[in-house]
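Trainee: Sequential numbering from 462 applies to the sequence shown in this note's numbering.
Take a look at this one; I'll ask things after.
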Amino acid sequence: MLLVVPLFVVQTCFNSGVACIAARATNHVADVQQVLPFIFRLGFYASGVLFNVEAYVETHRWMFDLNPMYCFITLYRWAVFGGDLDSWILVSTPLWTVGIVLVGFLWFRRGEDQYGRD
């Protein structure tokens with residue numbers, strides 16, 4: 462259970478990167494704000510929260526590996542319930558987090574001079 466706290470910190474960093482990307486995108490194109498709930502909902506449904514992932518992992522493994530929310534949910538399940546953990550999850554989660562934080566922060570900073578001027 463103690464691993465939930467650092468995992469929460471890592472997910473908060475990931476969410477901050479996604480928020481930076483979404484903030485700049487909605488600043489430039491107002492319709493993105495209307496599309497974002499559908500994109501986040503699709504990511505939620507594809508993450509394995511509502512269905513048994515084990516039935517699909519063997520045939521469609523690449524789809525789950527490309528979904529960062531699947532990685533976070535798998536780590537939370539492992540931290541709380543224990544069990545087996547794929548080593549790829551331990552590698553991909555920090556990679557997703559660092560990648561999204563860097564891209565989000567740099568992209569947000571690059572457009573900083575345009576905020577509030579439209």
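All C-beta atoms, glycine included, are put in the ideal place defined by N, C-alpha and C.
Note that this is a predicted model, so its numbers are computed, not measured.
Which residues in the same chain as residue 510 place their Cβ atom closer than 7 Å to its Cβ, once the five residues preceding and following it in sequence are excluded?
Mentor: So the qualifying residues of the chain are 534.
Trainee: By how many angstroms is the C-alpha of residue 531 removed from the C-alpha of residue 508?
Mentor: Each residue's alpha carbon lies about 4 Å from the other.
Trainee: Taking all protein chains shown into account, do 16 or more other C-beta atoms lie within 10 angstroms of the C-beta of residue 472, making it buried, or fewer, making it exposed?
Mentor: Buried, since its Cβ has 16 or more Cβ neighbours within 10 Å.
Trainee: Can you tell me whether residue 477 is helix, strand or coil according to DSSP?
Mentor: Correct three-state label for residue 477: helix.
Trainee: Taking 7 Å as the limit between beta carbons, can you name the residues of its chain near residue 497, skipping five residues before and five after?
Mentor: The residues are 483.
Trainee: Check for me: the alpha helix (DSSP H) holding residue 576 runs from which residue to which?
Mentor: Looking at the DSSP string, residue 576 is not in any alpha helix (DSSP H), and its letter there is neither H nor E.
Trainee: Could you check the C-alpha separation between residue 554 and residue 526 for me, to the nearest Å?
Mentor: Roughly 10 Å separates the two Cα atoms.
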